[in-house]
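Counting in the numbering used here, the sequence shown runs from 2 upward without gaps. For glycine and all other residues, C-beta sits at the position ideal for the given N, C-alpha and C. Everything numeric in this text was worked out from a predicted model, so none of it was measured.
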Amino acid sequence: MYELRSHICDRGIQADITSIEMWEGQNRLENLVQLIETGDDTASWNGAYALSRLAAKVDRERLQADIERVLNVARSSTGFRKVCAASALGKLYQSADSSKKEEILDTLLLSVRDPDEDTRRASIFALEDCISDGTKDKILKCFEDLLKNEKKAAKYGALEALTEVLPYRISDKSFDRILGFLKADDPGIRWRVALALNKAYPKLDTKQKEKAVSVLKNLVKDEDIFVKVRAYEAFLNIKDLEKRKIPEVDESLKEESDFVKGWVLYTS
2 MYELRSHICD RGIQADITSI EMWEGQNRLE NLVQLIETGD DTASWNGAYA
52 LSRLAAKVDR ERLQADIERV LNVARSSTGF RKVCAASALG KLYQSADSSK
102 KEEILDTLLL SVRDPDEDTR RASIFALEDC ISDGTKDKIL KCFEDLLKNE
152 KKAAKYGALE ALTEVLPYRI SDKSFDRILG FLKADDPGIR WRVALALNKA
202 YPKLDTKQKE KAVSVLKNLV KDEDIFVKVR AYEAFLNIKD LEKRKIPEVD
252 ESLKEESDFV KGWVLYTS
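Here it is, written out as structure tokens:
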């Protein structure tokens, strides 16, 4: 998935995990921050990755100045360096003091509307790491608002992020926006909708539940095998949750290939 999820892999950048121990041993946080500030794509990402991993192991008070410098990169830089800074801020959030946490949250909430696609996407997933009882409503509202964004990367990223934090009570408008993704040609998006309905189901109201069941009945007929499997998995969970029988779905599953039946039973 995303540790800066797909676009890091697309660029072929791999963090050197052995460098974590090297940086820790030399206690050179300064160098890591400099990599984020001035390094090329690979160096900047390695700096962000190592700093995020080391944050919980170093003096919290000393770390605040480093967090401030990463914040400055996220606010003022452009391109992949800004992406790396945004991703690092999500991981640094738990190590930040209260004032820095507020700054991180405000910066990321602004960055999710950045013109750059990678920055928006990285910021969306960084916000996942900032969710707490005090920030949950603000962040989830941001995700729900992004579902109607015209930029595909933003709204698809918001759908993915929302799926990760479900279940919670979804508004009717946001629920309908999630269903609107079923129009996408990409089966991966339809797969994500099926997963979202599965995870959201316990918190849906009666009307939403009935609509979810209706949608899932269509998704078990999807031409993509993985969308189909995810929809069947949702029905198995619904049956367990509500002790509810859905005979037509049971009959439909019996008619599926051995591969589909085996996959559904294995993963459920």
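Under 8 Å: do the region 74-91 and the region 120-131 share three or more Cβ pairs, one atom per stretch? yes
Given that a residue counts as buried once 16 or more other Cβ atoms are within 10 Å of its Cβ, and exposed if not, what is Glu161? Taking the first residue of the sequence shown as 1, we reach residue 161 at position 160. Result: buried.
Exercise. Of all the options Ile68, Cys85, Ser77, Glu69, which has the alpha carbon lying nearest to the alpha carbon of Ile37?
Worked result: Looking up residue 37 in the sequence shown gives position 36. Per the Cα distances, Cys85.
**Study point:** Three or more C-beta pairs below 8 Å linking the region 201-209 and the region 244-258
**Key:** no
| field | Beta-carbon gap between Leu148 and Ile171 smaller than 8 Å | value | Taking the sequence shown and counting its residues from 1, one reaches residue 148 at position 147. Taking the sequence shown and counting its residues from 1, one reaches residue 171 at position 170. It is not a contact, given that the beta carbons lie outside the stated cut-off.
Practice prompt. Mind reading off the beta-carbon distance from Ala75 to Ala87? Whole number of angstroms is fine, and I expect it under 8 Å.
Written response: In the sequence shown, the residue the question calls residue 75 occupies position 74. In the sequence shown, the residue the question calls residue 87 occupies position 86. Contact flag correct, Cβ pair sits at about 5 Å.
Straight-line gap, Arg61 to Thr136 (C-alpha atoms, nearest Å): Counted from its first residue, the sequence shown places residue 61 at position 60. Counted from its first residue, the sequence shown places residue 136 at position 135. Their backbone Cα atoms lie some 21 Å apart in a straight line.
Practice problem: Report yes if the CB atom of Ile105 is closer than 8 Å to the CB atom of Leu72, and no otherwise. | Solution: Sequence index remark: in the sequence shown, residue 105 carries index 104 (1-based). Sequence index remark: in the sequence shown, residue 72 carries index 71 (1-based). Cβ distance < 8 Å, so Ile105 and Leu72 count as in contact.
Q.
Quick test of your reading: Ile125 and Gly158, contact by CB under 8 Å. State the CB separation rounded to the nearest angstrom.
A. Taking the first residue of the sequence shown as position 1, residue 125 is located at position 124. Taking the first residue of the sequence shown as position 1, residue 158 is located at position 157. Yes, Ile125 and Gly158 are in contact; Cβ-Cβ is about 4 Å, under 8 Å.
Practice task
Use the C-beta contact count for Leu198: other C-beta atoms within 10 angstroms, 16 or more gives buried, fewer gives exposed.
Solution key: Locating residue 198 in the sequence shown gives position 197, counting from the first residue. Its Cβ being crowded by 16 or more others within 10 Å, Leu198 is buried.
Please state the DSSP three-state secondary structure of Pro188.
Along the sequence shown, read from residue 1 onward, the residue named residue 188 stands at position 187. Here Pro188 sits in helix by DSSP.
Distance, Cα to Cα, Asp98 vs Glu69?
Residue mapping note: residue 98 aligns to position 97 of the sequence shown, counting from 1. Residue mapping note: residue 69 aligns to position 68 of the sequence shown, counting from 1. So the alpha carbons of these two residues sit roughly 11 Å apart.
*asked:* Short of 6 Å in beta carbon distance, which residues of its chain neighbour Leu30, apart from the five on each side in sequence? Order them along the chain.
replied: Locating residue 30 in the sequence shown gives position 29, where the first residue counts as 1. Around Leu30: Asp67.
task = With DSSP collapsed to three states, give me the class of Tyr233.
result = As a working note, residue 233 is residue 232 in the sequence shown. Looking at Tyr233 - three-state DSSP - the assignment turns out to be helix.
Of the choices Ala232, Thr43, Pro168, whose alpha-carbon is the least far from that of Ile354? Examination of residue 354 is not possible in this model, given that the chain is present from 2 through 269 alone.
Contiguous alpha helix (DSSP H) assignments of at least 4 residues, all confined to the region 98-125:
99-112
> How is Ser258 classed by DSSP in three states: helix, strand or coil?
Replying inline: Position 257 of the sequence shown, counting from 1, holds the residue named residue 258. Residue state, collapsed to three classes: coil.
Going along the chain, which unbroken runs of the beta strand (DSSP E) with 3 or more residues stay wholly within the region 152-209? Correct list: empty.
Q. Should Lys212 and Pro168 be called a contact, given that it needs their Cβ atoms to be closer than 8 Å?
A. Residue 212 sits at position 211 when you count from the first residue of the sequence shown. Residue 168 sits at position 167 when you count from the first residue of the sequence shown. Their beta carbons are not under 8 Å apart, which means Lys212 does not touch Pro168 by this criterion.
Would you please state the rounded distance, in angstroms, between the beta carbons of Leu217 and Ala235? I believe it to be under 8 Å.
Here residue 217 refers to the residue found at position 216 when the sequence shown is read from its first residue. Here residue 235 refers to the residue found at position 234 when the sequence shown is read from its first residue. Contact flag correct, Cβ pair sits at about 5 Å.
- request: Assuming Ala1 contacts Arg193 (C-beta within less than 8 Å), just tell me the rounded distance between them.
  value: Within the shown structure, residues of the chain are numbered from 2 to 269, placing residue 1 beyond reach of any answer.
Checklist line | Simplified DSSP state of Asn219, which is helix, strand or coil | finding: Your numbering for residue 219 matches position 218 in the sequence shown. Of the three classes helix, strand and coil, the one that applies to Asn219 here is helix, per DSSP.
ask   = Relative to the alpha-carbon of Val113, which residue among Glu256, Asp134, Lys142 has its alpha-carbon at the smallest distance?
value = One-based indexing of the sequence shown puts residue 113 at position 112. Cα-wise, what sits closest to Val113 is Lys142.
Exercise. Within the same chain, show all residues whose beta-carbon is closer than 8 Å to that of Ala185, passing over the 5 residues directly before and after it, in chain order.
Key: The residue you call residue 185 lines up with position 184 of the sequence shown. Taken in chain order, the residues that qualify are Arg191.
Any idea what DSSP makes of Arg54, helix, strand or coil? For the purposes of this step, residue 54 is taken as residue 53 along the sequence shown, with counting starting at 1. Three-state DSSP puts Arg54 in a helix.
* Asked: Between the Cα of Asp53 and the Cα atoms of Phe144, Arg82, Gln95, Asp41, which residue gives the shortest distance?
  -> For the purposes of this step, residue 53 is identified with residue 52 of the sequence shown, where counting begins at 1. It is worth fixing the name first, because residue 53 is Ser in this sequence and not Asp. Of Phe144, Arg82, Gln95, Asp41, the residue nearest in Cα terms is Gln95.
Note to self: Does Asn47 pass the burial test, meaning 16 or more other C-beta atoms within 10 Å, or should it be called exposed?
What the structure shows: Within the sequence shown, the letter at position 46 stands for residue 47. Buried, by the Cβ-count rule.
To the nearest whole angstrom, what separates the beta carbons of Val230 and Trp264, a pair I think is in contact under 8 Å? Here residue 230 refers to the residue found at position 229 when the sequence shown is read from its first residue. Here residue 264 refers to the residue found at position 263 when the sequence shown is read from its first residue. Confirmed, about 5 Å.
How would you call Tyr50, buried or exposed, if buried means at least 16 neighbouring beta carbons within 10 angstroms?
One-based indexing of the sequence shown puts residue 50 at position 49. So Tyr50 ends up on the buried side.
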